[in-house]
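Chemist: Going from the sequence shown to the working numbering is simple: count from 1 and add 218.
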Amino acid sequence: MFHIAVLPGDGIGPEITREAVKVLKAVGEKRQLELGFSHHLIGGASIDAQGVALSDDLVDTCRRSDAILFGAVGGPKWDHLDLPDRADYALIRLRQELSAYANLRQFRLYAGLEDASAVKNDIVETGIDFIILRELSSGAYYGRPKFREDTPRGRRAVDTIEYYDYQVERLARHGFELARQRRARLTSMSKWNALESSRLWRDVVEEVAQEYPDVDTRHEIVDAGAMNLIQRPAEYDVIIMPNMFGDILGDEAAVLAGSIGMVPSAEISLDGPSLYEPIHGSANDIEDRNVANPIGTILSAALLLRYSLGCPDGAGDIERAVGKVIAEGYRTADIWTSGDQQRVSTTEMGDLVVEML
Ligand code: IPM
Ligand code: MG
Numbered sequence: 219m220f221h222i223a224v225l226p227g228d229g230i231g232p233e234i235t236r237e238a239v240k241v242l243k244a245v246g247e248k249r250q251l252e253l254g255f256s257h258h259l260i261g262g263a264s265i266d267a268q269g270v271a272l273s274d275d276l277v278d279t280c281r282r283s284d285a286i287l288f289g290a291v292g293g294p295k296w297d298h299l300d301l302p303d304r305a306d307y308a309l310i311r312l313r314q315e316l317s318a319y320a321n322l323r324q325f326r327l328y329a330g331l332e333d334a335s336a337v338k339n340d341i342v343e344t345g346i347d348f349i350i351l352r353e354l355s356s357g358a359y360y361g362r363p364k365f366r367e368d369t370p371r372g373r374r375a376v377d378t379i380e381y382y383d384y385q386v387e388r389l390a391r392h393g394f395e396l397a398r399q400r401r402a403r404l405t406s407m408s409k410w411n412a413l414e415s416s417r418l419w420r421d422v423v424e425e426v427a428q429e430y431p432d433v434d435t436r437h438e439i440v441d442a443g444a445m446n447l448i449q450r451p452a453e454y455d456v457i458i459m460p461n462m463f464g465d466i467l468g469d470e471a472a473v474l475a476g477s478i479g480m481v482p483s484a485e486i487s488l489d490g491p492s493l494y495e496p497i498h499g500s501a502n503d504i505e506d507r508n509v510a511n512p513i514g515t516i517l518s519a520a521l522l523l524r525y526s527l528g529c530p531d532g533a534g535d536i537e538r539a540v541g542k543v544i545a546e547g548y549r550t551a552d553i554w555t556s557g558d559q560q561r562v563s564t565t566e567m568g569d570l571v572v573e574m575l
């Protein structure tokens, strides 16, 4: 029996995770996997109910689970709170509690979604199929010192970009192993022409690359890389980068997949359970309207089966089912582009994926 902790969170989080759980249950039956689910509050929902965005109990529960399915956190209601108490900061703290070191974001353009992308058809038609592996345990998010102070010259705020070689090394190694199972190309993006931490990053990646002579390794400066990624996406296979660059380019790259609602991710832990979530946020403006796209979360459930439950067949089932639903012309509002497509709600999309399974 596998225990999956479900953390719906805020905004559209509950609606999209509901559909992913539905799909997981269907795969469980098909593949004879015993899955147990427990639901827990996190983020703003947790602040409202118990005064904290991330409770110690929840951290314990997550640690004892086999995997975590996460929706989204945050919203205008909690935006006035200071950093560690903010609803969305709960995710940053949970990553730390789980020792999550890599965020794997999988970008694919499903056939039929070419027009949904803001990028020209002749570019997306060259093939979108790459992974961004974002470092998740350090960098600008966690580096110390981190503080605000009043000074004679004005209010001052400090964040620190910090990397140890071992943090870069384990991320790079993960990237090279992934590349080996794919098209054997790894691109490392950093800002070595300006940042000391990026110089270390590049050095360490180069050292690890010596152990993977079969992988074609490239280094790109991240600003130029951000442009190349949109102009020549087919050149990329596995891309590794520091925490904050990965946050930014991860959302940028979502344009290539048709919608940020289509992109799944895995946050891989060092020694505990991993967390799976769509890369989009809580989208409070469309909350409770049954219009959100649940596919990013459903595909995250596929990653959960593949990477945490050792069930790649179940993951493939979900990915194929999503491909069929799209091919047959069903679209949520974010990916709907023409009248010959059938516009469906969040719950209908979940039902369609289950049906295709
Ligand atoms: C993400 C999000 C988070 C991040 C926020 C909610 C803190 O944007 O998962 O990419 O910046 O990591
Ligand atoms: Mg982000």
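Think of the CB as a built atom: it goes at the ideal place given N, C-alpha and C, for glycine as much as any other residue.
With a threshold of 8 angstroms on Cβ separation, who are the neighbours of G357 within its own chain once the five nearest residues in sequence on each side are excluded?
Modeler: Around G357: I379, E380, Y381, S415, P460, N461 and M462.
Chemist: Quick one: residues in its chain with C-beta nearer than 6 angstroms to the C-beta of D347, no 5 flanking neighbours on either side, listed in chain order?
Modeler: Same-chain partners within the cutoff: R326.
Chemist: Is the closest heavy atom of the ligand IPM to the C-beta of D465 under 7 angstroms?
Modeler: Yes, the beta carbon of D465 sits closer than 7 angstroms to at least one heavy atom of the ligand IPM.
Chemist: Looking only at DSSP bridge pairs, what is M459 linked to?
Modeler: Answer is R352.
Chemist: For G330, which residues of its own chain have a beta-carbon under 6 angstroms away from its beta-carbon, when the five flanking residues on both sides are left out?
Modeler: Hits under 6 angstroms: I544 and A545.
Chemist: When burial is assigned at 16 or more other CB atoms within 10 Å of the CB, is H498 buried or exposed?
Modeler: The residue in question, H498, is buried, as its Cβ has 16 or more Cβ neighbours within 10 Å.
Chemist: Rounded to whole angstroms, what is the Cα-Cα separation between D441 and G393?
Modeler: Their Cα atoms are separated by approximately 20 angstroms.
Chemist: Reducing DSSP to helix, strand and coil, say where I222 ends up.
Modeler: In this structure, I222 counts as strand in the three-state DSSP scheme.
Chemist: Tell me whether P294 sits in a helix, a strand or coil according to DSSP, three-state version.
Modeler: Helix.
Chemist: Which of helix, strand or coil does DSSP assign to P496?
Modeler: In this structure, P496 counts as strand in the three-state DSSP scheme.
Chemist: List the DSSP bridge partners of G254.
Modeler: According to DSSP, which records beta bridges pairwise, G254 is partnered with H221.
Chemist: Can you tell me where the alpha helix (DSSP H) holding T515 begins and where it ends?
Modeler: Per DSSP, T515 belongs to the alpha helix (DSSP H) from I513 to Y525.
Chemist: Per the contact definition of three or more C-beta pairs closer than 8 angstroms, is the region 286 to 294 in contact with the region 222 to 240?
Modeler: Yes: at least three Cβ pairs fall under 8 angstroms.
Chemist: Since I believe I536 is in contact with V245 (beta carbons under 8 angstroms), could you give me their beta-carbon distance rounded to a whole number of angstroms?
Modeler: About 6 angstroms; that satisfies the 8 angstroms criterion.
Chemist: What's the gap between the Cα of S264 and the Cα of D306?
Modeler: One C-alpha to the other measures close to 11 angstroms.
Chemist: My understanding is that A320 touches E353, with C-beta atoms under 8 angstroms, so please give their C-beta distance in whole angstroms.
Modeler: Right, the Cβ-Cβ distance comes to about 7 angstroms (below 8 angstroms), so this counts as a contact.
Chemist: Determine the DSSP secondary structure at G568, reduced to helix, strand or coil.
Modeler: In this structure, G568 counts as helix in the three-state DSSP scheme.
Chemist: What ranges does the beta strand (DSSP E) occupy inside the region 263 to 295, keeping only unbroken runs of at least 3 residues that lie completely in it?
Modeler: The qualifying runs are 285 to 290.
Chemist: According to DSSP, is R326 part of a helix, a strand, or is it coil?
Modeler: Here R326 sits in strand by DSSP.
Chemist: Between G231 and S500, is the Cβ-Cβ spacing less than 8 angstroms?
Modeler: Taking 8 angstroms as the Cβ cut-off, G231 and S500 qualify as a contacting pair.
Chemist: Name, in chain order, the residues that DSSP records as bridge partners for D347.
Modeler: R326, per the DSSP bridge assignment.
Chemist: Go through its chain and collect everything with a Cβ distance to N511's Cβ below 8 angstroms, but skip five positions before and after it.
Modeler: For N511, where only same-chain residues beyond five positions count, the Cβ hits under 8 angstroms are I234, S477, G479, M480, T550, A551, D552, I553, T564 and M567.
Chemist: DSSP state of S416, grouped into three classes?
Modeler: The answer is helix: DSSP assigns S416 an H, G or I state.
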